[in-house]
């Protein structure tokens, strides 16, 4: 069973276990990432956010039809935020990749009683994390993290702004992903494997 999406260019759905790299200016990729991870009925969404506080993320997802009991947030913005009805895990730095992995596992464990829960995972953004972590460290983290998404039949959507990095960094990171969505102000083009047109 695939994860359907709307307004995502030539992709209408993604296979279970797929990780998508969404590239473009952060102003547009952040919004498109939220479009893609907004959960449908019977799904959850977990968003790792480094650029936008938890309250704002929840507000944006509610605007896209999500209920609070479908959401979980890992907030790396160092802004204290309690959001009623939503589990929010606070981390002090976007570079705390170990902390992100641990908190992600805890949020997933909340669903362990019901193994059938489908989840969309958003990571905003790889570019921000790379300001705090070395490329090799980030590559290893993403390799393990996307493997977890694959084994759990989840959908992962990761934002990155290539203009903030050298080509080598972009090429190294994109190698981890099944497909890539190039996002501009008025268009999205998805290339790779694991999606339906």
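Numbering (this note's numbering), first residue to last: 884 to 1080. Every residue, glycine too, gets a C-beta built ideally from N, C-alpha and C.
* Could you tell me which uninterrupted alpha helix (DSSP H) segments, each at least 4 residues in length, are contained entirely in the segment 999–1029, listed from first to last along the chain? => 1009–1013
* Cut-off 7 Å between Cβ atoms - residues of its own chain near residue 1077, not counting five sequence neighbours on either side -> 897, 898, 901, 1061, 1062
* Mind the definition here: the segment 986–994 touches the segment 920–931 only if three or more C-beta pairs lie below 8 Å; say whether that holds. => yes
* Asked: What is the C-beta distance between residue 957 and residue 983, in whole angstroms, given that I count them as a contact (C-beta under 8 Å)?
  -> 6 Å
* Which of helix, strand or coil DSSP assigns to residue 896 -> strand
* Kindly indicate which residue of 922, 977, 887, 935 has the alpha-carbon position closest to the one of residue 950. => 922
* Asked: Which residue's Cα is closest to the Cα of residue 920: 891, 1069, 1047, 906?
  -> 891
* Measuring alpha carbon to alpha carbon, tell me which of 959, 886, 943, 911 ends up nearest residue 1015. => 959
* **Beta bridge counterpart(s) of residue 931 as assigned by DSSP** => 957, 1006
* Asked: How would you label residue 1044, buried or exposed, when you count the other beta carbons within 10 angstroms and need 16 or more for buried?
  -> buried
* To do: Check residue 1040 in the structure and name its three-state DSSP category.
  => strand
* To do: Look up residue 850 in the DSSP assignment and say whether it is helix, strand or coil.
  => Since the first and last residues shown for the chain are 884 and 1080, residue 850 lies out of range.
* Asked: What whole-angstrom Cβ distance do residue 911 and residue 937 have, given they're in contact under 8 Å?
  -> 21 Å between Cβ atoms; not a contact.
* Asked: Does DSSP put residue 1047 in a helix, in a strand, or in coil?
  -> helix
* So is the beta-carbon of residue 929 under 6 Å away from any non-hydrogen atom of the ligand ZN? -> For the ligand ZN, the structure offers nothing, since it holds no ligand at all.
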